[in-house]
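My numbering puts the sequence shown at residues 58 to 505.
Quick reminder that beta carbons are idealized off the backbone N, C-alpha and C, glycines included.
To start, the structure under review is shown below, and the notes come after it.
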Amino acid sequence: MRIEKDAIGSIPIDEQRYYGIHSHRAKENFDISGNKVDFLLIKQLARIKAAAAVANEKSGGLSIKKIRAICLAAQEIIDGKWQEEFLLDAFQGGAGTSTNMNVNEVIANRGLEIMGYTKGDYEHLHPLDDVNRGQSTNDVYPSAGRLTTILYLEKLEVAVEQLMIELQIKAQAYVSTPKMGRTQLQEAVPTTFGAGFAAYASNLARCKERIQAVSKEMQQLNLGGTAIGNGLNANPVYQTAIYQELNQHYSVDLRPADNLIDATQNADAFAAVSGVLKTVAISLTKISHDLRLLSSGPRSGFRELNLAPRQAGSSIMPGKVNPVIPEVVSQIAFQVVGNDAAISLAAASGELELNAFEPVIFHNLFESCQILTQACSTLATKCIADLTVNAEKAAKDVEQSTGVVTELAPLLGYEVACQLVKEALAENVTIDEMLYRKNLSHLLEKQA
């Protein structure tokens with residue numbers, strides 16, 4: 058064991074562990090959910106620590122020996138090492154301070170080993186004076202959250218486009234295949250399967266544009282603002298250099314926010330991202346519900362679509378197969394909407410110069426990104442890709458529907474058309490048959 062001290066007192070720490078006293082206390086205080094801090098967020102914090110070390114060298118704040126140790130230790134984290142050292146619960150008080158401390162301590166203790174010293178020998182490399190130099194949790198943590206969000210949004214955008222392409226393929230395949238259009242679940246006017254699939258794809262194209270827009274907003278960081286955005290204890294050379302260094306590792310253009318004080322105390326940008334994620338979820342719900350309705354059957358439902366059978370659907374009803382892919386996608390969408398509610402409350406609850414609730418914002422935001430990405434991919438590959446239509450049944454529905462009379466309404470007049478529908482339904486015949494009986498079949502030729 059090694060003894061570490063902080064302002065509260067001393068605690069023995071297992072000599073084998075790279076985390077220190079601040080992480081230890083946080084682990085004891087926040088034994089909440091069993092969900093650890095997202096490791097992609099940890100990686101972005103490590104990337105910031107390495108960039109800060111280089112920036113501090115340029116501003117004359119750190120020695121080359123310390124910078125090398127910090128950068129090497131941070132890179133190991135970025136490469137996926139030491140995950141077991143990041144043991145904190147996603148739900149934590151302190152506005153992310155515990156997570157920032159955890160990263161500082163692991164980098165410092167691993168850096169000490171690289172320099173040839175023992176863990177805890179902080180006079181040679183200190184987690185706060187050196188690894189955290191020029192920084193505050195209040196600028197590092199939200200900036201890392203933005204970087205993590207950008208990476209997750211990139212993956213989501215790819216998945217949305219994948220689903221959009223599969224729908225466009227179906228739209229082309231069934232561009233001329235007729236079906237009955239419905240409004241409020243009642244027959245409306247004829248349309249085509251191709252038009253329906255194209256409409257879904259168009260919806261997702263808008264979703265993709267929204268994702269791109271909020272991802273661009275995430276590129277504005279409050280890094281360099283330190284505690285409340287006024288840059289206290291951050292050298293101006295450092296403030297410029299850290300962005301130059303970070304931009305070598307990301308494909309986007311990272312830059313300081315126009316107002317660092319605003320960016321430090323307000324979390325509305327994360328709420329905006331969550332709003333877009335909720336919109337994607339809403340769109341997926343609409344598509345999934347339509348798929349379930351149109352594939353209902355196998356004989357007594359709509360029976361317009363055939364979904365690939367994925368698993369047995371009942372423990373009591375032999376042969377039953379359920380639309381499990383649209384069902385799971387809808388459930389994911391429900392979760393995202395719930396996450397958005399939590400994010401909205403947290404974003405609205407900041408006070409004065411800081412929002413203390415970003416840990417729950419990040420936990421829900423990252424989960425929403427990840428499960429929506431999987432939802433889009435799953436819907437694309439396990440449902441849309443091998444979906445087929447019952448063209449013969451759909452064509453018969455169009456033929457027998459009274460909705461076709463709408464095309465004749467301008468010629469017949471609304472009242473006459475209504476009467477025609479009533480009689481056709483009462484006598485259980487088609488509109489074509491009623492026109493023939495009333496010597497109005499010539500209108501079909503005229504309309505054509």
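- Rounded to whole angstroms, the Cβ separation of GLY407 and ALA413 is 7 Å, and the two are in contact under 8 Å.
- The alpha-carbon separation between LEU210 and ASP196 amounts to approximately 21 Å.
- The C-beta distance from ILE268 to LEU411 rounds to 28 Å, too long to fall under 8 Å, and the pair is not in contact.
- Here ALA369 is bridged, per DSSP, to VAL378.
- ALA258: member of the alpha helix (DSSP H) spanning 250-274, first to last residue.
- Distance from the Cα of ASP454 is smallest, within the candidate group LEU469, ILE488, LEU261 and GLN476, for ILE488.
- Apart from sequence neighbours up to five positions away, the residues of its chain that approach GLN132 with a beta-carbon distance below 8 Å are ALA103 and ALA107, ordered along the chain.
- Put simply, of MET374, ARG356, SER357 and VAL378 the residue whose alpha carbon is nearest the alpha carbon of LEU364 is VAL378.
- Around the beta carbon of GLY191, a 10 Å sphere encloses 16 or more other beta carbons of the protein chains shown; the residue is thus reported as buried.
- Three or more pairs of CB atoms, one per stretch, sit closer than 8 Å, so the region 70-77 contacts the region 152-164.
- With respect to GLU302, VAL111 sits close: the two C-beta atoms are nearer than 8 Å.
- Scanning GLU72, GLN140 and ASP63 for the CA closest to the CA of LYS93 turns up GLN140.
- Beta-bridge partners of SER67 (DSSP): LYS62.
- By the 16-neighbour rule on beta-carbons within 10 angstroms, CYS475 is exposed.
- Taking all protein chains in view, the Cβ of GLU484 is surrounded by fewer than 16 other Cβ atoms within 10 Å, so the residue is classified as exposed.
- By the neighbour-count definition (other C-beta atoms within 10 Å, threshold 16), HIS499 is an exposed residue.
- For ARG356, there is no enclosing beta strand (DSSP E), as DSSP marks it with neither H nor E.
- Where LYS236 is concerned, the enclosing beta strand (DSSP E) starts and stops at 235-240.
- A residue is called buried once 16 or more other Cβ atoms fall within 10 Å of its Cβ, and ASN287, having fewer, is exposed.
- Minimum Cα-Cα distance from PRO313 among the listed residues PRO199, ILE339, ILE70 and ILE382 corresponds to PRO199.
- Close CB contacts of LEU129 within its chain, under the 6 Å cut and outside five residues either way in sequence, are with ILE171 (chain order).
- A direct Cα-Cα distance of roughly 10 Å separates PRO235 from VAL446.
- By the C-beta criterion, the region 413-431 is judged to be in contact with the region 321-337, since at least 3 inter-stretch pairs fall below 8 Å.
- Out of SER353, THR430, SER120 and ILE134, the CA that lies nearest to the CA of ILE99 is found in ILE134.
- Boundaries of the alpha helix (DSSP H) harbouring TYR198: 194-230, taken from the DSSP string.
- Nearest to GLN427 by C-alpha distance, out of GLN368, SER458 and LYS335, is LYS335.
- The alpha-carbon separation between ARG59 and ILE70 amounts to approximately 5 Å.
- In this structure, LEU436 sits near LEU341, with a CB-CB distance shorter than 8 Å.
- For VAL160, the uninterrupted alpha helix (DSSP H) run begins and ends at 154-172, by DSSP.
- For PHE96, the enclosing alpha helix (DSSP H) stretches over residues 96-115.
- Approximately 5 Å separates the beta-carbon atoms of ALA216 and SER434; this is inside 8 Å, confirming the contact.
- Less than 8 Å divides the Cβ of SER90 from the Cβ of ASP146.
- Taking C-alpha positions only, ALA230 is separated from ASN279 by approximately 49 Å.
- By the Cβ test, the region 458-476 is in contact with the region 246-260, since at least three Cβ pairs between them sit closer than 8 Å.
- Considering only THR154, LYS212 and ILE207, the residue with the shortest C-alpha distance to LEU185 is THR154.
- The three-state secondary structure of ARG190, taken from DSSP, is coil.
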